[in-house]
């Protein structure tokens, strides 16, 4: 198991201190570790689910990485910090999209049609915000792994650039997935099209800006004393690793689309332009998204952060 070093001069009298109590409560049990590994395995396995799977099952499968992210966040930084961060992602992204749909100012002129992503509120499907949280936490773990800061607090400009790196990680996922979900599946529709497989450049600029906002809020929440005590508390071996692994579930799902599917949606043959888009996104995922993910895993392996 991996443990933090005890500072010189510390004595056993600190065992009853608030920070020690937080350390004890922050340590996941063996059962929790097993549960987290199971959810992570299911999240990876979801990449092999056919693109024609029915909506209800697809929704349930899509919630698994959300459950993993929230549970892992609770054990990493404490329940209060995790839930406040969850609220920050949901609120900022929902109202950012509501403003975008209504005005076209944030991401460009687009709208969500009724049906594909569930019921709409202010023109936005609230269920999609849950997926954004999983992506945000995965990107945060990736950025903190690369910067060697998963097990310690960060502040000042370091917190800003770690947030920017995480936002860049989310933007890369957008580059690799939006053409499939928007242009092929029609889950959201761009009224005026755009140069990137029918998507405007403004979408990616706006997405980076929006994600940076809620990631900065999360970094601020992570500087609270209770959050720092949880983050710096000893964790079982593998806990940090699984946090960094989560990011890989997203590019894997993109890579597998053209490899395991011959049809999509309601049984439409995956040929022609849709297949070309799927194959192009496979290349984006392999050569842009996966290297960043691998870099985070190598950073952990090299000892920049304990596993």
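In UniProt numbering, the protein residues as written are 1 to 307.
Just so it is clear, CB atoms sit at the ideal spot from N, CA and C, and this is done for glycine as well.
On the three-state DSSP scale, how would you describe residue 112? Looking at residue 112 - three-state DSSP - the assignment turns out to be coil, as it is neither helix nor strand.
Integer-rounded CB distance, given that residue 288 should sit under 8 Å from residue 176: Their Cβ separation, rounded to whole angstroms, is 7 Å, which keeps residue 176 and residue 288 in contact under 8 Å.
Assign residue 310 to buried or exposed, taking buried as 16 or more other Cβ atoms, counted over all protein chains shown, within 10 Å of its Cβ. Absent from the structure is residue 310, since the part of the chain shown begins at 1 and ends at 307.
Mind checking residue 96: buried by the 16 CB within 10 Å criterion, or exposed? By the 10 Å Cβ count, residue 96 comes out buried.
Rounded C-alpha distance that separates residue 82 from residue 272: Approximately 44 Å between the Cα atoms of the pair.
What residue ranges within the stretch 216-252 form continuous beta strand (DSSP E) runs of no fewer than 3 residues, ordered along the chain? The qualifying runs do not exist here; there are none.
On the CB-based measure, 16 or more other CB atoms within 10 Å of its CB, does residue 76 come out buried or exposed? Residue 76 comes out buried.
Exposed or buried, what is residue 102 when buried is set at 16 or more other beta-carbons lying within 10 Å of its beta-carbon? Residue burial is scored here from C-beta neighbours: residue 102 has fewer than 16 other C-beta atoms within 10 angstroms and is therefore classed as exposed.
Please name the residue, chosen from 168, 129, 134 and 119, that lies closest to residue 143 on a Cα-to-Cα basis. Answer by Cα proximity: 168.
Indicate whether residue 44 and residue 249 have their beta-carbon atoms separated by less than 7 Å. Pairing residue 44 with residue 249 gives a Cβ-Cβ distance under 7 Å.
Return the Cβ separation of residue 261 and residue 50 in integer angstroms, given the expectation that the two are a contact with Cβ distance under 8 Å. Yes, residue 261 and residue 50 are in contact; Cβ-Cβ is about 6 Å, under 8 Å.
Keeping to the same chain, check which residues put their C-beta closer than 8 Å to that of residue 71; ignore five residues upstream and five downstream. Only 32, 35, 36 and 39 meet the Cβ criterion.
When you compare only the Cα positions, how much space is there between residue 132 and residue 152? So the two alpha carbons sit approximately 24 Å from each other.
Report yes if the C-beta distance between residue 29 and residue 221 is below 7 Å; otherwise report no. Contact: no.
Simplified DSSP assignment, three categories, for residue 140: Judged by DSSP in its simplified three-state form, residue 140 adopts helix.
Apart from the five residues just before and just after residue 188, which ones in its own chain have a Cβ nearer than 6 Å to its Cβ? For residue 188, where only same-chain residues beyond five positions count, the Cβ hits under 6 Å are 110, 112 and 182.
Within 8 Å, do at least three Cβ pairs link the stretch 193-200 to the stretch 156-167? Judged by pairs of C-beta atoms under 8 Å, the stretch 156-167 does not touch the stretch 193-200, as fewer than three such pairs exist.
Note down the Cα distance separating residue 119 from residue 125, rounded to an integer number of angstroms. So the two alpha carbons sit approximately 6 Å from each other.
Are there 16 or more other CB atoms within 10 angstroms of the CB of residue 78, so buried, or fewer, so exposed? Burial call: buried.
Is residue 184 close to chain C? Criterion is C-beta to C-beta, closer than 7 Å. Looking for chain C here will not work: only one protein chain is present.
With burial defined as no fewer than 16 other Cβ atoms inside 10 Å of the residue's Cβ, what is the status of residue 219: buried or exposed? By the Cβ neighbour-count rule, residue 219 is buried, with 16 or more other Cβ atoms within 10 Å of its own.
Within 7 Å, strictly: CB atoms of residue 285 and residue 257: Between residue 285 and residue 257, the C-beta gap is not smaller than 7 Å, which leaves the two residues out of contact.
Residue 208 vs residue 171 beta-carbon contact at 7 Å: Yes, they are a contact pair.
Might you give, ordered along the chain, the residues of its own chain that have their beta carbon closer than 8 Å to the beta carbon of residue 251, omitting 5 neighbours on each side? The beta carbon of residue 251 is closer than 8 Å to those of 173, 176, 285, 286, 289, 290 and 293 in its chain, skipping five residues each way along the sequence.
Report yes if the CB atom of residue 247 is closer than 7 Å to the CB atom of residue 136, and no otherwise. The Cβ atoms of residue 247 and residue 136 do not sit closer than 7 Å to each other.
For the candidate residues 264, 215 and 191, whose alpha-carbon lies nearest to that of residue 100? Checking every option, the nearest Cα to that of residue 100 belongs to 191.
Roughly how far, in whole angstroms, is the beta-carbon of residue 164 from the beta-carbon of residue 212, given that I think they are within contact range, below 8 Å? The C-beta separation of residue 164 from residue 212 comes to about 6 Å, placing the pair in contact by the 8 Å criterion.
How long is the line joining the alpha carbons of residue 90 and residue 129, rounded to whole angstroms? Their Cα atoms are separated by approximately 5 Å.
Kindly indicate the opening and closing residues of the alpha helix (DSSP H) around residue 101. Note, residue 101: alpha helix (DSSP H), 79-103.
DSSP three-state call for residue 271: helix, strand or coil? Looking at residue 271 - three-state DSSP - the assignment turns out to be coil, as it is neither helix nor strand.
C-alpha distance - residue 277 paired with residue 195, whole-angstrom precision: Near 13 Å, if we compare the C-alpha coordinates of residue 195 and residue 277.
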